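Here the structure is laid out as structure tokens; the discussion comes afterwards.
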Amino acid sequence: MKHTFLNANTLPYIPCSIEYTVDNNPYKNIYVDLTMRCDMDCNYCYNPMRTNADMDIDYFEAVCRRLPRPVDFKLLGGEPTMHPKFFEFITIGKSYGHSVF
3 MKHTFLNANT LPYIPCSIEY TVDNNPYKNI YVDLTMRCDM DCNYCYNPMR
53 TNADMDIDYF EAVCRRLPRP VDFKLLGGEP TMHPKFFEFI TIGKSYGHSV
103 F
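So the sequence shown is numbered by this note's numbering: it starts at 3 and just counts up by one.
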């Protein structure tokens, strides 16, 4: 029985990631970090960064407008409801036919 050892020279090249423009988005789910602010201080938090800027609502609307088909937006962050325009994000997403969770 012959054994074949796999190494970098014998493996085919498979890209680890592919980047798509908003206009060519193939995904059904899009995860959006609205804000990194949070009113909790959990020791198991996956995202302890609290200094990043909030998402700009005009940028979000531009993305909603450019997407080729409806998607499911999953609003995340530190605590997404702490974004001062949280409900406007929902309204804008739904106005373009997207689902917002």
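Note that beta-carbon positions come from the ideal geometry of N, C-alpha and C, so glycine has one too. Since this is a predicted model, take the numbers as computed values, not measurements.
Coil, strand or helix - residue i by DSSP
| i | result |
| --- | --- |
| Ser19 | coil |
| Phe75 | strand |
| Tyr46 | coil |
| Thr37 | strand |
| Asn27 | coil |
CB contact flag (residue i, residue j, <8 Å)
| i | j | result |
| --- | --- | --- |
| Met84 | Asp35 | no |
| Asn31 | Leu69 | no |
| Phe91 | Leu77 | yes |
| Arg52 | Arg39 | yes |
Assumed close pair residue i, residue j - CB separation to whole angstroms, cut-off 8 Å
| i | j | result |
| --- | --- | --- |
| Tyr29 | Val73 | 7 Å |
| Gly80 | Asn49 | 7 Å |
Pairing CB atoms from the segment 94 to 101 with CB atoms from the segment 51 to 58, are three or more of them under 8 Å? Contact fails: fewer than three Cβ-Cβ distances are below 8 Å.
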